[in-house]
Structure formats: C-alpha cells, structure tokens
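Participant:
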Amino acid sequence: MKDEKFALPIHWKDYEDIAMGLYEKFGDDFDESRIYRIRFTDLMEWVLSIPHFSGKKEECNEGHLEQIQSAWVYEWRDNQ
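In our numbering, each residue carries its 1-based index in the sequence shown increased by 51.
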C-alpha cells in the first residue's frame with residue numbers, strides 16, 4: 052500500500068488480505084503443496100507478524116487457519 056497511514060487493520064476473517072500479505076512476504080518460496088503442509092503454529096505466528104494485522108492470538112482457530120491456507124493457495128496461483 053502506498054500510503055501506510057491510511058491502511059485499514061486486518062483481522063482473522065480478512066482471509067484475502069492475509070493471503071496477500073503472506074504472498075508478499077514469502078513469494079514463491081511456498082508452492083501449493085508446501086502451503087498446505089505448513090504447521091498451524093507457524094502459520095499463526097506469520098499471520099500475527101503481517102503489517103496492520105490487529106487480531107489477537109486468542110481469537111485464532113483452526114477454521115481461520117484453514118481458510119487462510121486456501122486463500123494463500125489462490126493468491127499463489129494468481130501470481131503464477
């Protein structure tokens with residue numbers, strides 16, 4: 052985002068925004084099969100480190116992490 056001061060906070064249900072953040076961070080380091088093999092504990096920590104992410108660790112659940120993985124795969128596919 053060009054003007055960071057106007058960036059909206061990202062929450063656990065903002066799957067597409069999280070996926071874009073993860074793709075920006077890791078690029079093609081993870082392909083589809085590797086994304087689906089990421090441990091949820093690692094994925095949760097990576098999500099928490101995304102700029103403007105305002106969700107709390109306690110708000111995370113397995114459903115959120117599964118949706119994030121799927122959105123990240125679609126983001127990766129879109130950039131191939």
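Beta carbons: idealized from backbone N, C-alpha and C, even for Gly.
Is the distance from the Cβ of valine 98 to the Cβ of phenylalanine 104 below 8 Å?
Facilitator: yes
Participant: Please identify the residue among Glu67, Asp93, Glu96, Glu109 whose C-alpha is closest to the C-alpha of tryptophan 123.
Facilitator: Glu67
Participant: Relative to the ligand ZN, is the shortest distance from any of its heavy atoms to the C-beta of lysine 64 smaller than 7 Å?
Facilitator: Among the components of this structure there are no ligands whatsoever, and the ligand ZN is therefore not found.
Participant: How close, in whole Å, do the beta carbons of leucine 94 and glutamine 120 come, if the pair is a contact with beta carbons under 8 Å?
Facilitator: Right, the Cβ-Cβ distance comes to about 7 Å (below 8 Å), so this counts as a contact.
Participant: Can glutamate 126 and alanine 70 be called in contact, C-beta distance under 8 Å?
Facilitator: yes
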